[in-house]
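In what follows, a structure is listed as structure tokens, so that the remarks can point back to it.
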Amino acid sequence: MRIEHKRARLVFHIRDLKLEWAIEPRYWRNPLLAVAGLALLPLVIMSKPDYLTLLTTANIYAAVAIPLAWQMAGIGRMNFGPQFFVGIGGFAAALLSIHLGWNPWQTLGIVILLGLAFGLILSPLTTIAKGLYFSLITLILPLIFLEFTYVYTDIFKGETGLSGIVPLVNLGRIRTNYLVSCYFSLGMTLLSLYIVDKVLRSRIGLYAAAINDDEEVAETCGLNINGWKILCFTITSMMIAVTGWFAAHYYGTFAGITYLQLPFMVKILLIVMIGGRGELYGSIVGAYFVAFLEQALTILGPVNYIVFPFVLLVMLSTLREGLYGLYRRHKYREYYPTMRVRKR
Amino acid sequence: MADTIQVILIYTFVLGSLYLLISLGFSVVCGVLRVFHMGYGVTFVVAVYCMWMLMKEFHFGLVPAVIGMFVIQTLFTLGIIYFPVVKRYIEQEELLLTSLILISLIVEEAANFFYPVTAGVNLPTTILPGAVKIGPASIPIQMLIASGVAILTTAVFVLFLLKTRRGLVIRAVSQDTESAELMGANVGRVYALAMVLSVIPPTICILIIAPVWSIEPSLGLPLMMTSILVAILGGLGNIRGSIMASYIVGFLSSAVAFSINPRMMGLATLITVFIVLIFRPEGIAKSESLW
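Structure below.
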């Protein structure tokens with residue numbers, strides 16, 4: 000290994016691999032502090048398993064919202080049905096686990112393959128359907144899947160959901176299981192964040208921004224927009240399917256009624272909007288905030304169900320850039336695609 | 000076989016008319032304001048629970064309660080939905096959608112808080128009880144009345160749009176907002192009027208079907224989904240398309256229910272809309288305007 004000092008950066012040469020590290024702390028201090036905070040949080044509240052479940056749920060929501068941010072930028076369309084892929088991953092894991100007794104690692108392989116396959120099959124929609132129509136198609140897809148689970152209820156147990164799925168972690172002690180699962184979910188979310196962040200900062204991110212801004216101009220510049228859109232949709236669909244796999248093995252049950260209905264997407268949309276209006280890091284902030292707010296408001300009793308959306312509504316109208324906007328005052332690049340319902 | 004076809008045709012009429020009444024308001028908003036009204040479901044909830052509140056808490060009679068409820072609906076639509084949200088965020092779709100969804104959640108949860116399912120909310124809006132036998136089919140009279148009212152309401156809407164000056168202005172705004180504005184149309188006022196008009200069909204609908212419908216605080220979402228499906232199939236915001244789409248969805252639902260499997264009603268409709276969206280995304284209607 001050779002270390003080189005270059006323009007305020009340390010460059011590590013490991014055979015053909017080249018890694019860079021910015022020396023100035025302002026480039027890495029805050030992200031490291033954030034990751035450390037997220038890593039310490041489960042240890043702080045480990046005495047309360049329900050809080051650990053809360054964190055895990057927040058991580059699951061964030062793990063859906065993060066690839067969704069890349070997808071919406073990369074295909075230039077708003078996806079209203081990422082829960083379709085959560086359903087694909089969850090049901091595949093549940094069925095394989097219940098009927099074949101497969102462990103989570105065996106089901107993961109199949110879920111990845113199925114996520115890629117379904118993503119690839121449906122990816123032409125990103126080129127066929129424009130703007131609003133894509134949003135509508137994706138709105139309908141999970142509902143079709145949900146109806147499918149009702150019609151073939153002997154397989155999918157439409158009304159009640161599948162139960163008896165092999166747990167993700169089984170270390171003997173329940174509290175340890177919760178803690179390890181929480182870290183697992185955090186790892187999954189951070190990995191997802193790292194991948195998507197790297198991609199959006201790379202040349203692919205530039206392509207995504209170009210496609211999101213104006214497809215025709217991007218194509219005129221020589222970009223194979225269909226190819227990039229298909230690639231983006233397929234990979235992000237697989238990433239979302241993995242979240243479904245995690246949810247199925249973590250909770251031990253999986254029901255279409257929980258994940259495939261509109262309220263699940265509404266929650267993702269709220270997280271994205273409250274977190275930072277499509278801002279990548281805002282997804283995590285939004286997921287944790289929404290999860291904790293929901294829990295904190297339970298002290299109000301049954302009225303919390305009214306107060307919770309009311310607080311979010313007030314925040315939405317007062318924090319134009321979301322919670323993450325409080326930290327990052329300047330908006331550098333708009334990644335959020337419009338549905339283009341309105342005639343221009 | 001002949002009996003089955005007869006039943007299918009009768010239910011096509013009944014369900015199709017009902018779907019038309021449910022979705023008419025959604026189409027009006029979509030056609031005039033060009034926004035996706037994700038808070039449309041809340042209209043049904045406000046209608047049922049405000050009416051119940053006026054009758055139970057304030058001891059209003061049926062007719063004063065209906066009038067009072069329409070007043071509250073109008074105030075709610077203008078004061079909570081249109082001016083603070085739709086008008087403010089009309090150019091920012093993501094904020095508009097999220098805000099409308101949140102308002103729906105607040106209203107739904109408030110209805111659930113004050114009148115949960117166990118409160119036994121039921122509106123005494125039965126016009127004629129019992130069922131009538133038409134050929135081999137037995138249909139609640141209330142549903143037949145709802146079908147008739149649906150056709151009547153749609154006819155009034157169409158006549159209003161085609162024969163009145165105000166209707167002409169609404170259609171002009173629907174066709175091209177900027178040109179209509181240049182011709183002197185007060186677009187803001189037309190939008191507000193369209194929002195008020197949009198609450199009339201769903202309110203009438205839920206009042207009539209309430210005695211034969213499952214009344215619960217979450218009734219808005221499935222009804223909104225029906226509206227969305229009909230509006231998509233018809234061509235977003237086109238009333239002519241919505242009329243055709245309603246009866247197509249009605250036919251599909253009844254055909255699947257009576258000849259294949261009632262469980263597959265929803266699936267058949269969704270798959271049809273899905274296919275239409277792929278191969279003919281603009282829907283049945285070619286026009287992008289309201290009529």
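If you read the protein sequences in the order shown, they are chains A and G. Sequential numbering of the first sequence, starting at 0, is according to numbering that gives the first Met the number 0. Sequential numbering of the second sequence, starting at 0, is according to numbering that gives the first Met the number 0. Positions of the beta carbon are idealized from the N, C-alpha and C atoms, including for glycine.
In this structure, residue 171/G keeps its C-beta atom at 8 angstroms or more from the C-beta atom of residue 29/G.
A contact between stretches requires three or more CB pairs, one per stretch, nearer than 8 angstroms, and the region 88-101 of chain A meets this requirement with the region 158-175 of chain A. Taking the beta carbon of residue 263/G as reference, the chain A residues within 7 angstroms of it are 150, listed in sequence order.
Of all residues in the region 106-121 of chain G, the ones placed with a Cβ closer than 8 angstroms to any Cβ belonging to chain A are 108, 109, 111, 112, in chain order.
Secondary structure note for residue 139/G: its beta strand (DSSP E) is the uninterrupted segment 136-139.
Under the Cβ criterion of 8 angstroms, residue 312/A is counted among the residues facing chain G. With a threshold of 16 other beta carbon atoms within 10 Å, residue 107/A meets it and is buried.
The beta carbon of residue 225/A is closer than 7 angstroms to those of 126 in its chain, skipping five residues each way along the sequence. Residue contact with chain A for residue 216/G: absent (no Cβ-Cβ distance below 8 angstroms to any residue of chain A). From the listed residues 273/G, 1/G, 207/G, 7/G, the smallest Cα separation to residue 141/A is found for 273/G.
Here residue 165/A carries a coil assignment [DSSP, helix/strand/coil]. For the alpha helix (DSSP H) assignment, the uninterrupted runs of no fewer than 4 residues enclosed by the region 237-273 of chain G are, from N- to C-terminal side, 238-258. Around residue 53/G, the same chain offers 59, 64, 67, 68 as residues with beta carbons nearer than 7 angstroms, after the five sequence neighbours per side are excluded. For residue 5/A, the three-state secondary structure derived from DSSP is strand.
The C-beta of residue 88/G has 16 or more other C-beta atoms within 10 Å across all chains shown, which makes the residue buried. Taken through DSSP and simplified to helix, strand or coil, residue 101/A comes out as coil. The contact set of residue 272/G on chain A, defined by CB atoms closer than 8 angstroms, consists of 139 in chain order.
If the five residues before and after residue 245/G are omitted, its C-beta is found closer than 6 angstroms to the C-beta atoms of 15, 18, 19, 229, all from its own chain and listed in chain order. Residue 98/G is classed as buried because its beta carbon has at least 16 other beta carbons within 10 Å across all chains shown. A check of alpha carbon separations from residue 86/G across 193/G, 259/G, 243/G, 224/G identifies 193/G as the nearest. Contact note: residue 71/G does not reach chain A at a C-beta cutoff of 9 angstroms; the least C-beta distance is about 18 angstroms. Distance check between residue 189/A and each of 66/A, 44/A, 255/A places 66/A closest, using alpha-carbon atoms only. With a threshold of 8 angstroms between beta carbons, residue 128/A makes contact with chain G. Rounded to whole angstroms, the separation of the alpha carbons of residue 131/A and residue 44/A is 43 angstroms.
Fully enclosed alpha helix (DSSP H) runs of no fewer than 4 residues occupy 92-113 of the region 85-124 of chain G, in order along the chain. In the structure shown, residue 12/A falls within a strand segment according to DSSP collapsed to helix, strand and coil. Fully enclosed alpha helix (DSSP H) runs of no fewer than 4 residues occupy 255-258, 261-275, 279-295 of the region 255-300 of chain A, in order along the chain. At a cut-off of 8 angstroms between beta carbons, residue 66/G makes no contact with chain A. Going by DSSP, residue 131/G is part of the beta strand (DSSP E) stretching over 130-133. In terms of CA proximity to residue 288/G, 173/G leads the group 79/G, 173/G, 183/G, 242/G. At a cut-off of 8 angstroms between beta-carbon atoms, residue 266/G makes contact with chain A.
Shortest Cα-Cα distance from residue 133/A to any of 259/G, 290/G, 277/G involves 277/G.
CA-to-CA, the gap between residue 3/A and residue 204/A works out to about 27 angstroms.
Under the three-state reduction of DSSP, residue 253/A is assigned to strand. Taken atom to atom, the span from the alpha-carbon of residue 115/G to that of residue 108/G is near 9 angstroms. Any Cβ of chain A closer than 8 angstroms to the Cβ of residue 258/G would place that residue at the interface, and such an atom is absent.
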